[in-house]
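Shown next, in structure tokens, is the structure this report addresses.
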Amino acid sequence: VTVPVTLDHHRYDVVIGAGLIERAGAWLAPILPQKRAVVITDETVAALHLPRFMASLEETGIDARAFVVPVGEGSKSLSRYARLVDDILAHGMERKTTVIGLGGGVVGDLSGFVASSLLRGVPFVQIPTTLLSQVDSSVGGKTGLNASSGKNLVGAFYQPRIVLADGDALATLPRRQRVAGYAEIVKAGLIADPELFSWCEANGARVLDGDPAALTEAVRRACAFKARVVMEDERETAARDGRALLNLGHSFAHALEAHFNYDGRLLHGEAVSIGLGLAASLSVALGHARQELGDRIDRHLRMLGMPAGLDWFDAPLSARELIGYMARDKKMQDGRLSFVLLRDIGAAFTSNDVDMDRVTEVLRRAGCEA
Ligand code: NAD
Ligand code: ZN
196 VTVPVTLDHH
206 RYDVVIGAGL
216 IERAGAWLAP
226 ILPQKRAVVI
236 TDETVAALHL
246 PRFMASLEET
256 GIDARAFVVP
266 VGEGSKSLSR
276 YARLVDDILA
286 HGMERKTTVI
296 GLGGGVVGDL
306 SGFVASSLLR
316 GVPFVQIPTT
326 LLSQVDSSVG
336 GKTGLNASSG
346 KNLVGAFYQP
356 RIVLADGDAL
366 ATLPRRQRVA
376 GYAEIVKAGL
386 IADPELFSWC
396 EANGARVLDG
406 DPAALTEAVR
416 RACAFKARVV
426 MEDERETAAR
436 DGRALLNLGH
446 SFAHALEAHF
456 NYDGRLLHGE
466 AVSIGLGLAA
476 SLSVALGHAR
486 QELGDRIDRH
496 LRMLGMPAGL
506 DWFDAPLSAR
516 ELIGYMARDK
526 KMQDGRLSFV
536 LLRDIGAAFT
546 SNDVDMDRVT
556 EVLRRAGCEA
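Mapping to UniProt numbering: the sequence shown position 316 is 511, numbers consecutive.
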């Protein structure tokens, strides 16, 4: 299946299916401007999928060299970036040499930024290998690195020539990473696609169990959703709605991630799962949605054993601390605390005037201490 992404100055396909890494050469040879590429990947993905991938490039006469970075968020650092571009330039890079990112969102964000900045921009290809990167980060053109002051503060919008989302890659993905990616799929349904949410209620367990057909269908639906949002609001400039809605549950999620120092104890998608429940509770507390909405979302997450509610954590968190993180997170965006709220399944909207006392109340009811 192919999900086309059509933007003002650029169009490309997100190809979803099995065997894409194995046949990558056949997909890429016709569209690379030069039969040369550099592949950026991480150690785990290199061990699992790089040999097949490189063999496939070689078969079609693409001369490629792989650069392997350590696993984890630490590779989205300025120092790692500096070392990587120096290594790539030392190896030899021309304006038409393609940068290929093979890996999860970390590799995608890093390789995309490398592609956007090397020689002021070289062709870029994304081969996302986690569920999260297949449904979320590989579609939309955001690339970036972390700075000392915060996550994703250095970056560029840069679109790939093609995205190959290989279902086979997900076969090696640990369940915990599938859970994390699945939270973003549920999010997509909640924002604007009630049919997707109902599909999740019926098929979510199969997705988390790694059923290939269910995974492909989930990726197709979530990619189509994200592509639609991005096509309407490529650079997140729409005053309301648009791309901002993708942050449903994320104010809470980022605060939780900050509390755990982004250190891997809590994955982004796990934080999003909890954040979705909290966003629903806040929508109910503010009178925008009925209690049944909150109950339905909570029931779905808990039925699958997803993180839901602050009882997920061993010890109670501090509401004041979490709100402090939210304020800081938001200030960097627009100087105001805005939240994405729900009226119903598939009906999200943004609000700029949420009373922080109500947020405190929701956090306390969910299990926070003052
Ligand atoms: P990740 O890239 O760190 O991958 C998670 C783990 O899975 C890593 O240990 C990785 O080595 C491993 N892995 C990857 N593919 C595998 C496979 N096929 N089999 C087994 N293991 C595999 O994390 P992620 O969750 O994919 O992405 C998170 C990153 O994405 C964050 O840095 C976040 O900021 C970014 N992100 C970007 C956007 C965007 O729009 N650009 C959107 C959402 C998230
Ligand atoms: Zn997210």
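Backbone N, C-alpha and C define an ideal beta-carbon position, used for all residues, glycine too.
Boundaries of the alpha helix (DSSP H) harbouring residue 304: 300-312, taken from the DSSP string.
Not one heavy atom of ligand 1 sits closer than 7 Å to the Cβ of residue 461. Closest in C-alpha terms to residue 302, from the list 292, 321, 523 and 258, comes 321. Cβ neighbours of residue 254 within its own chain (closer than 6 Å, five residues either side excluded): 220.
Here the stretch 416-434 lies against the stretch 369-384, with 3 or more beta-carbon pairs under 8 Å apart. In the DSSP assignment, residue 380 falls within the unbroken alpha helix (DSSP H) covering 370-387.
Within the stretch 211-299, the runs of beta strand (DSSP E) at least 3 residues long that lie entirely inside it are, in chain order, 231-237, 258-264 and 293-298. Judged by beta-carbon spacing, residue 448 lies beyond the 8 Å limit of residue 472, meaning their Cβ atoms are not closer than that value. Under DSSP, no beta-bridge partner is assigned to residue 354. In this structure, residue 445 sits near residue 467, with a CB-CB distance shorter than 8 Å. The three-state secondary structure of residue 322, taken from DSSP, is strand. Ranked by how close their Cα comes to the Cα of residue 239, the residues 311, 309 and 266 have 266 in first place. Within the same chain, 208 come within 6 Å of residue 199 by CB-CB distance, once the 5 residues on both sides are set aside. Secondary structure at residue 502: coil, using DSSP grouped into helix, strand and coil. Shortest Cα-Cα distance from residue 295 to any of 310, 289 and 281 involves 310.
Put simply, the stretch 528-547 touches the stretch 482-493. At least three CB pairs are less than 8 Å apart.
Residue 362 and residue 552 have their C-alpha atoms some 44 Å from each other. In the DSSP assignment, residue 534 falls within the beta strand (DSSP E) that extends over 534-539. Residue 196 places its beta carbon less than 8 Å from that of residue 212. In the DSSP annotation of this structure, the continuous segment of the beta strand (DSSP E) that includes residue 198 starts and ends at 197-201. Considering only 336, 542, 325 and 501, the residue with the shortest C-alpha distance to residue 428 is 336. Ranked by Cα distance from residue 410, the options 360, 453, 561 and 426 are led by 360. Within the stretch 408-485, the alpha helix (DSSP H) runs of at least 4 residues that lie entirely inside it are, in chain order, 445-454 and 463-480.
The residue among 441, 368, 463 and 224 with its C-alpha nearest the C-alpha of residue 406 is 368.
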